[in-house]
Amino acid sequence: MITTRYVRDHIDMIKASLTKRKSDYPIDELIGLDESWRSLTTKLQELQAQKNRESIEISTMKKNGEDIRDRIASLAKLKEEITALEATLPTYSDRINYLLLSMPNTLHESVKYGADENFNIEVRKWGAPEKAIDIGHTELLEKMGLVDTERAAKVAGARFYYLKGDFVLLAKSLERFALDVMAKKGYTPVQPPYMMKRELYSGVTSLGDFGEMLYSIGRPKEAKIEDGAKEEELFMIATAEHPMAAMHANEILNAKDLPIKYVGVSPCFRREAGTHGKDTKGIFRVHQFDKVEQFILCKKEDSWKYFEEVVRNEEEMFQSLGIPYRVIEMCTGDIGIVAAKKVDLEGWFPSQKRYREVTSASNCTDWQSLRLDIKYDDKGERHYVHTINATAISIERALTAVAENYANRDGSISIPEVLIPYMGKSRIA
RNA sequence: GCCAGGGUCGCCUAGAGGUAGGGCGGCAGCCUGCUAAGCUGUUUAGUCAGAAAUGGCUUUCGAGGGUUCGAUUCCCUCCCCUGGCGCCA
């Protein structure tokens, strides 16, 4: 678990990182609360020790057939004192736990300060983004009958879609292509649960995401709901990263089994609260999409090596697809609290004449493992694993990029060469 | 959904109101000329003292509550696993 002990041991690093972010995280409040909590805890432990001693004495007296009534009465007073003290502790520990869960990760030294996404940094480009088209993917796909968002709106609301015909086959081809590439690299394919319990979900992402990003599902126990039994709640996953991280919660892994490399495939469900007015048409930003996701658990000293690896995998994937892209490093204003460093790939969209986000890779270092309690044993020493997540292919996003970059003048769409074996044809008309 | 059994330290397993025992694995040490074994210690988390080695205390038997001087053990709620029945792509 993440503890105040961890914070005390790393306080200089944490403070420096918060300063760099210009974060208003109340680190001093946390430290103050922790000091109060510890002094109360010490007092409580002394009382408990006394109670235990007396209890054992009563045990021996009883065995000897002595009268224990007076002793029990005096213990009752001590018990009251303990109960009262225990009741004050949550005042501190609840707030401490909230602050610990929401504490931003310590940034990698290479991350630059920036107020928002406009200050992200382009580190390299690939491909030739000279192609220009008049009609964007949104209009083109509707016109070709490959996507139907109007009927989807009727059935499920805005930001939903039907894929149709060859586009469904193309979507599945992309998915299988990505799985095959990753499996060949030694990543184990995983199809995770699509819903998760709250307690585990709070370990993989920021608490703010519960309101903004996640859909929740009530599972009322019908027979017992009248008795006031609380209903169980599950959260729809926003990415396969989350159930893959939670998969090893409360486990102690053996260092010799690391790294563990997974490639997950799942639908992703996102409320997209707070994105009103952004990309409202088409399938670029939707409430439900499919994604193939890379996930690695590794030793703490290896995570930056594997972070580079997953970004390289993303680049290879887009190079194979022949889609021009650039690599962007997130600044402090766009990185969130979970990642220590985050890198996106942005693919070229000819109709918009600009690059748009198509993948995202994060090194979360020990942020998730501290909260999910995922350790590894390295020759008797225990450490928290580092976790890395990265898109392999986000299907619907990639489909829009393919549609734009492979659109032909005659209104057809060519199939990227690597997908032809999966599709069994070279173009969609 | 119903019935039955179960969840004990990294893994396995005992304990059925008196403060968690054994085995395996890991780690540390000792011992022994040899495919390795044996012996001893250690192996939940937190907190206090200490520069540290270390020591004290608290906590920990799926989670939370209750009864009790005292709960792994009894009671209640919930989660999960296994088996059987029912339902079912």
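Sequential numbering of the first sequence, starting at 0, is according to numbering that gives the first Met the number 0. Ideal Cβ placement from N, Cα and C applies to all residues, glycine included. In this text the structure is predicted, and so the values were computed from the model without any measurement.
- The three-state reading of DSSP puts residue 188 in strand, counting E and B together.
- Closest by C-alpha distance to residue 253, out of 370, 380 and 177, is 380.
- A contact is defined here as three or more CB-CB pairs under 8 angstroms, and the segment 99 to 117 meets this definition with respect to the segment 328 to 346.
- Counting other Cβ atoms within 10 Å of its Cβ, residue 260 reaches 16 or more and is therefore classed as buried.
- Secondary structure of residue 50 (DSSP, three-state): helix.
- Taking the CA atoms as reference points, residue 400 sits about 35 angstroms from residue 257.
- Residue 273 and residue 262 have their alpha carbons spaced roughly 29 angstroms apart.
- Taking the CA atoms as reference points, residue 318 sits about 41 angstroms from residue 99.
- For residue 261, the beta-bridge partners assigned by DSSP are 187 and 294.
- Our two residues, residue 367 and residue 208, have alpha carbons roughly 14 angstroms apart in a direct line.
- In the structure shown, the three-state DSSP call for residue 233 is strand.
- Between the segment 73 to 88 and the segment 44 to 54 there are three or more C-beta pairs closer than 8 angstroms, enough to call the two in contact.
- By the 16-neighbour rule on beta-carbons within 10 angstroms, residue 351 is exposed.
- Distance from the CA atom of residue 0 to the CA atom of residue 33, rounded to whole angstroms, is 15 angstroms.
- Boundaries of the beta strand (DSSP E) around residue 390: 385 to 393.
- With contacts defined by Cβ atoms closer than 8 angstroms, residue 247 and residue 299 do not form a contacting pair.
- Contact between residue 326 and residue 123 holds, with the beta-carbon distance rounding to 5 angstroms and staying under 8 angstroms.
- Within the segment 281 to 350, the runs of beta strand (DSSP E) that reach at least 3 residues and sit entirely inside it are, in chain order, 287 to 297, 324 to 328 and 340 to 348.
- Residue burial is scored here from C-beta neighbours: residue 11 has fewer than 16 other C-beta atoms within 10 angstroms and is therefore classed as exposed.
- Secondary structure of residue 200 (DSSP, three-state): helix.
- Sequence-distant Cβ neighbours of residue 19 in its own chain, meaning closer than 7 angstroms and more than five residues away, are 106, 112 and 331.
- In the structure shown, residue 145 adopts coil according to DSSP, grouped into three states.
- Residue 60 counts as exposed, since fewer than 16 other C-beta atoms from the protein chains shown sit within 10 angstroms of its C-beta.
- Sequence-distant Cβ neighbours of residue 356 in its own chain, meaning closer than 6 angstroms and more than five residues away, are 343 and 345.
- When secondary structure is reduced to three states using DSSP, residue 70 falls in the helix class.
- Around the beta carbon of residue 420, fewer than 16 other beta carbons sit within 10 angstroms, so the residue counts as exposed.
- Cβ neighbours of residue 170 within its own chain (closer than 8 angstroms, five residues either side excluded): 162, 289, 394, 395 and 398.
- Between residue 194 and residue 245, the gap from beta carbon to beta carbon reaches 8 angstroms or more.
- Within the segment 119 to 168, the runs of alpha helix (DSSP H) at least 4 residues long that lie entirely inside it are, in chain order, 136 to 142 and 148 to 154.
- Assignment of residue 377 by DSSP, reduced to helix, strand and coil, places it in the strand class.
- Residue 370 counts as buried, since at least 16 other C-beta atoms from the protein chains shown sit within 10 angstroms of its C-beta.
- Spatial neighbours of residue 168 in its own chain (CB-CB distance under 7 angstroms, excluding positions within 5 residues in sequence) are listed in chain order as 422.
- Membership of residue 193 in any alpha helix (DSSP H) is not indicated, and neither H nor E is assigned to it by DSSP.
- The C-alpha of residue 86 is placed about 56 angstroms away from the C-alpha of residue 316.
- Following the DSSP letters along the chain, one finds residue 240 inside the alpha helix (DSSP H) bounded by residues 240 to 245.
- Distances from the CA of residue 378 to each of 173, 410, 180 and 255 were compared; the closest alpha carbon is that of 255.
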